[in-house]
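Chemist: Just so we're aligned, residue 1 is where the sequence shown starts under the UniProt record's numbering, counting upward by one. All C-beta atoms in this analysis are idealised placements derived from N, C-alpha and C, irrespective of residue type, glycine included. Just dropping this structure here.
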Amino acid sequence: MQSDFRRSFMERKLRLIVVLLLLLGAAGYLWWAARPERRYEQSGVAEDGNYRLVAQDGSLFQRSSLKGHPYITYFGYASCPDRCPAMLARLSRIRARMGWTHEDLPIVFITVDPARDTPERLDAFVKSLGENIIALTGEPQVINRITDNAGVFVKIIPQSGDNYRIEHTTKAFLYNVDGDFWDTVSPQEADARIEAKLRDAAVSPPPKTEMSHATLDRRR
Numbered sequence: 001m002q003s004d005f006r007r008s009f010m011e012r013k014l015r016l017i018v019v020l021l022l023l024l025g026a027a028g029y030l031w032w033a034a035r036p037e038r039r040y041e042q043s044g045v046a047e048d049g050n051y052r053l054v055a056q057d058g059s060l061f062q063r064s065s066l067k068g069h070p071y072i073t074y075f076g077y078a079s080c081p082d083r084c085p086a087m088l089a090r091l092s093r094i095r096a097r098m099g100w101t102h103e104d105l106p107i108v109f110i111t112v113d114p115a116r117d118t119p120e121r122l123d124a125f126v127k128s129l130g131e132n133i134i135a136l137t138g139e140p141q142v143i144n145r146i147t148d149n150a151g152v153f154v155k156i157i158p159q160s161g162d163n164y165r166i167e168h169t170t171k172a173f174l175y176n177v178d179g180d181f182w183d184t185v186s187p188q189e190a191d192a193r194i195e196a197k198l199r200d201a202a203v204s205p206p207p208k209t210e211m212s213h214a215t216l217d218r219r220r
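Encoded structure:
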């Protein structure tokens, strides 16, 4: 009987050890998967331009999720002293004045400085503006490909020590409800002109219709 008790005790002890090992393994995996560098590894861009980047809350964000609404993308960096915060704040004010919400017109901020702009830093940056803005970062090569696809100018200007500033395109890029490029928005444009562009982008392009045989005959 003592032998049975000892065997039962050892079996329970073994099961407990197995459970603890499984819990430790799961915790270790979650820690590994949550590391910033691991999140960055999951960023990417497809041939069709659909990108996958890391948002300011650490989640993965896909460009395809923006379809169905017009949206604006602005490329900049959190250390930008003036142009980036000024343009983002202005776009947000125009959106609010039009009576639109974040859902009606998402404003997307993609960093051109992924080496310094972690999700946490981007979160602090957009919160300092007090606006509802999607801020994204990712692997440097992924960011480079996205900026190349969009035709964004980026130039790093070294300063004292390891510090640097970045010259970059100051125009924002406007996309229509189908996710297609619609127009650029320049800081020099009047608010009324920008509003008109936003309203135009909110309407899907008219469907293409087949020409009648009579029309085709007249063209021949």
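Exposed or buried, what is Asp-180 when buried is set at 16 or more other beta-carbons lying within 10 Å of its beta-carbon?
Modeler: The residue is exposed, with fewer than 16 neighbouring Cβ atoms inside 10 Å.
Chemist: For the stretch 112-123 against the stretch 76-91, do three or more pairs of beta-carbon atoms, one drawn from each stretch, fall closer than 8 Å, so that the two count as touching?
Modeler: Touching, per the Cβ criterion.
Chemist: At which residues does the beta strand (DSSP E) containing Phe-153 begin and terminate?
Modeler: It is not in any beta strand (DSSP E) - Phe-153 carries neither H nor E in the DSSP assignment.
Chemist: Quick test of your reading: residue 222 and Thr-170, contact by CB under 8 Å. State the CB separation rounded to the nearest angstrom.
Modeler: Residue 222 lies beyond the stretch modelled for the chain, which goes from 1 to 220, so this question has no answer here.
Chemist: Report the residue ranges of all beta strand (DSSP E) runs contained in full by the stretch 48-95; include only those spanning at least 3 residues, in chain order.
Modeler: Runs of the beta strand (DSSP E) inside the stretch 48-95: 51-55, 60-62 and 71-76.
Chemist: Rounded to a whole number of angstroms, what is the C-alpha to C-alpha distance between Leu-105 and Ile-17?
Modeler: Answer to the nearest angstrom: the Cα atoms are 53 Å apart.
Chemist: According to the neighbour-count rule (16 or more other Cβ atoms, all chains shown, within 10 Å of its Cβ), is Gln-159 buried or exposed?
Modeler: Exposed.
Chemist: Return yes when the Cβ of Leu-53 is within less than 7 Å of the Cβ of Leu-136, no when it is not.
Modeler: Yes.
Chemist: Based on the DSSP secondary-structure assignment, which residues constitute the bridge partners of Asp-183?
Modeler: Leu-174, per the DSSP bridge assignment.
Chemist: What whole-angstrom Cβ distance do Glu-139 and Ser-43 have, given they're in contact under 8 Å?
Modeler: 5 Å between Cβ atoms; contact.
Chemist: Considering only their Cβ atoms, is the gap separating Glu-195 from Met-87 smaller than 7 Å?
Modeler: No, Cβ-Cβ distance for Met-87 and Glu-195 is not below 7 Å.
Chemist: Within the same chain, show all residues whose beta-carbon is closer than 7 Å to that of residue 222, passing over the 5 residues directly before and after it, in chain order.
Modeler: Not covered by the structure: residue 222. The range shown for the chain is 1 to 220.
Chemist: With distances taken Cα to Cα, identify the nearest neighbour of Trp-182 among Thr-73, Leu-91 and Phe-61.
Modeler: Closest by alpha carbon: Thr-73.
Chemist: Note down, in chain order, each residue of its chain lying with its Cβ closer than 8 Å to the Cβ of Tyr-164, except the 5 sequence neighbours on either side.
Modeler: The residues are Ile-156, Ile-157 and Pro-158.
Chemist: What's the gap between the Cα of Leu-122 and the Cα of Gln-188?
Modeler: Cα-Cα distance, rounded: 26 Å.
Chemist: Under the three-state reduction of DSSP, which class applies to Arg-116: helix, strand or coil?
Modeler: Coil, per DSSP.
Chemist: Where does residue 228 sit, in a helix, a strand or coil, going by DSSP?
Modeler: Lying before the first or after the last residue shown, residue 228 is absent from the chain, which here runs from 1 to 220.
Chemist: Distance check for Lys-197 and Asp-191, CA to CA, integer angstroms please.
Modeler: C-alpha separation (whole angstroms): 10 Å.
Chemist: Can you list, in chain order, the residues of its chain with a C-beta nearer than 8 Å to that of Val-177? Leave out the 5 residues immediately preceding and following it.
Modeler: Cβ within range, chain order: Lys-67, Gly-68, His-69, Pro-70, Ala-201, Ala-202, Val-203 and Ser-204.
Chemist: Check the C-beta distance from Ala-172 over to Leu-129 and give it rounded, since I have them as a contact under 8 Å.
Modeler: With 8 Å as the limit, Ala-172 and Leu-129 do not qualify as a contact, their Cβ atoms being about 15 Å apart.
Chemist: On the DSSP bridge assignment, give the partners of Pro-158 in chain order.
Modeler: Pro-158 is bridged to Tyr-164.
Chemist: Measure the C-alpha to C-alpha separation of Arg-199 and Asp-162 and round it to an integer number of angstroms.
Modeler: Distance between the alpha carbons of Arg-199 and Asp-162 is about 44 Å.
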